[in-house]
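**Q**
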Amino acid sequence: MPELPEVESVRRHLAPRLEGRAIVAVWSAPQERFGVLDDAVGRRINALGRRGKYLLADLSGDLELVLHLGMTGAFRFHGERAADGSAWLGDPYVRASFTLDDGSVLDFRDVRRFGRLTVVPRGDYTAIPTLAQLGPEPLSEQFDAADFYAALRRTRAAVKPFLLSQRPVAGVGNIYADEALWRARISPLARRVGRERAQRLWAAIRVVLADAIEREGTTFRDYQMVNGQSGRNAAFLVAYGKRGSPCARCGTPLAKIVLGGRGTTYCPGCQRY
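Following the working numbering from start to finish, the sequence shown increments by one per residue and tops out at 938.
(1) Might you give, ordered along the chain, the residues of its own chain that have their beta carbon closer than 7 Å to the beta carbon of R715, omitting 5 neighbours on each side?
(2) Just tell me which of N892, L854 and Y905 has its CA closest to the CA of V873.
(3) Of the residues V824, P833 and L713, which one's Cα is nearest the Cα of W847?
(4) Return the chain-ordered list of same chain residues with a C-beta closer than 6 Å to the C-beta of A816, the five sequence neighbours on each side being excluded.
(5) Across which residues does DSSP place L771 in a beta bridge pair?
(6) Below 8 Å CB to CB, which residues in the same chain sit around V706 once its five sequence neighbours on both sides are set aside?
(7) Taking the alpha-carbon of I710 as reference, which of G717, P695 and G726 has the nearest alpha-carbon?
(8) Tell me whether the segment 919-935 and the segment 835-853 touch, counting them as touching only if at least three CB pairs, one residue from each stretch, are closer than 8 Å.
(9) Around the Cβ of F813, are there at least 16 other Cβ atoms within 10 angstroms (buried) or fewer (exposed)?
(10) Given A835, which residues of its chain have a CB within under 6 Å of its CB, disregarding the five upstream and five downstream residues?
(11) Heavy atom of the ligand ZN less than 7 Å from the Cβ of T764, yes or no?
(12) Measure the C-alpha to C-alpha separation of L669 and G838 and round it to an integer number of angstroms.
(13) In three-state terms, what does DSSP make of F813?
(14) Between L765 and L702, is the Cβ-Cβ spacing less than 8 Å?
(15) Between the Cα of G713 and the Cα atoms of P681, E697, F699 and G735, which residue gives the shortest distance?
(16) Assuming A868 and R760 make a contact with CB atoms under 8 Å, what is their CB distance in whole Å?
(17) What is the rounded straight-line gap between the Cα of R901 and the Cα of D704?
(18) When we look at the beta-carbon of G929 and count the other beta-carbons within 10 Å, is it buried (16 or more) or exposed?
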């Protein structure tokens, strides 16, 4: 599932072409996770923002278009070809299309149908509790190291599932949790994280995410940017997906376990409880 760096990369590609444009028509296939999108018709896109793993299009008339990529969602402008020459013309997995006032059409393609599109009153996320309950943005001033430590002290959960809950910090998913915990030398199974280790983890989250944004995200299979290209961060991963490889720090073979229902890779040699 795309995490914060991937969603931010998509936002940066889309924003210059969407901001200031008006939506003149919307088509969507019947989809359980789609709301009523007709309310977006006739609205101007004032700005395209992001909260955690959600894209938020600020619309005229005090509305907001909420977009979530789910597991396999991607955006591309209709008829435009990727670097490999591929296009989505006639693609059966296109689930929604937004026609803009300049004649361009933005398609949303989603093979597994976990993506979400809906229009809500601006800032009203009561119908989307996962969005309403997000923690602070990790690269913002609101992500405070002392507050993060306090949140870790209050929970009884293991540290990695707690990060994935999105409550202590927004946007960190499976890939970047593994990477940040490795960088901070903390076991994903740890239930007690002291002040010093919390500070290391706070800093590691920020570095790992900032670096991944700079490389436009991590692509293994489904994630792609609006131009169809892949993110470049996969080659820089040191923990996630590296089971059996020697730890880049101590040489111990990396181990993989299932924790909180998610595959988790870590170093049993230098990531301590």
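Where is the CB? At the ideal position from N, CA and C, for every residue including glycine. The model shown is predicted, which means the values in this text are computed figures rather than measured ones.
**A** The short version:
(1) Taking the first residue of the sequence shown as position 1, residue 715 is located at position 50. Only V672, E673, R676 and L721 meet the Cβ criterion.
(2) Walking along the sequence shown from the start, residue 873 turns up at place 208. That would be Y905, whose Cα lies nearest to the Cα of V873.
(3) Translated into positions along the sequence shown, residue 847 becomes position 182. W847 has its Cα closest to that of V824, out of V824, P833 and L713.
(4) Mapped onto the sequence shown, residue 816 falls at position 151. Counting only Cβ-Cβ distances below 6 Å, and skipping sequence neighbours, we find P833.
(5) Taking the sequence shown and counting its residues from 1, one reaches residue 771 at position 106. L771 is bridged to F742 and F763.
(6) For the purposes of this step, residue 706 is identified with residue 41 of the sequence shown, where counting begins at 1. Short of 8 Å from the beta carbon of V706, and not among the five residues preceding or following it, lie these beta carbons of its own chain, in chain order: I688, V689, A690 and V691.
(7) As a first step, residue 710 must be located in the sequence shown, where it is residue number 45. Taking only the C-alpha atoms, the option nearest I710 is G726.
(8) In this structure the segment 919-935 lies against the segment 835-853, because at least three pairs of beta carbons, one per stretch, are closer than 8 Å.
(9) For the purposes of this step, residue 813 is identified with residue 148 of the sequence shown, where counting begins at 1. With 16 or more Cβ atoms within 10 Å of its Cβ, F813 is classed as buried.
(10) Along the sequence shown, read from residue 1 onward, the residue named residue 835 stands at position 170. The answer, listed in chain order, is G717, L799, G800 and E802.
(11) Within the structure as shown, the ligand ZN is missing, as the structure has no ligands at all.
(12) As a working note, residue 669 is residue 4 in the sequence shown. As a working note, residue 838 is residue 173 in the sequence shown. Cα atoms of L669 and G838: separation of roughly 8 Å, rounded to the nearest angstrom.
(13) By 1-based counting over the sequence shown, the position of residue 813 is 148. Reduced to three states, the DSSP call for F813 is helix.
(14) By one-based count along the sequence shown, residue 765 stands at place 100. By one-based count along the sequence shown, residue 702 stands at place 37. No; because the gap between Cβ atoms is not below 8 Å, this pair is not in contact.
(15) Within the sequence shown, numbered from 1, the residue matching residue 713 stands at position 48. It should be noted that the sequence gives Leu, not Gly, for residue 713. Residue P681 is the option with its Cα nearest to L713.
(16) Looking up residue 868 in the sequence shown gives position 203. Looking up residue 760 in the sequence shown gives position 95. Not confirmed; about 39 Å, so no contact.
(17) For the purposes of this step, residue 901 is identified with residue 236 of the sequence shown, where counting begins at 1. For the purposes of this step, residue 704 is identified with residue 39 of the sequence shown, where counting begins at 1. It is worth fixing the name first, because residue 901 is Phe in this sequence and not Arg. The straight-line gap from Cα to Cα measures roughly 42 Å.
(18) Taking the sequence shown and counting its residues from 1, one reaches residue 929 at position 264. The question names Gly, but residue 929 is Thr in the sequence shown. Taking every protein chain shown into account, the CB of T929 has 16 or more other CB atoms within 10 angstroms, so this residue is buried.
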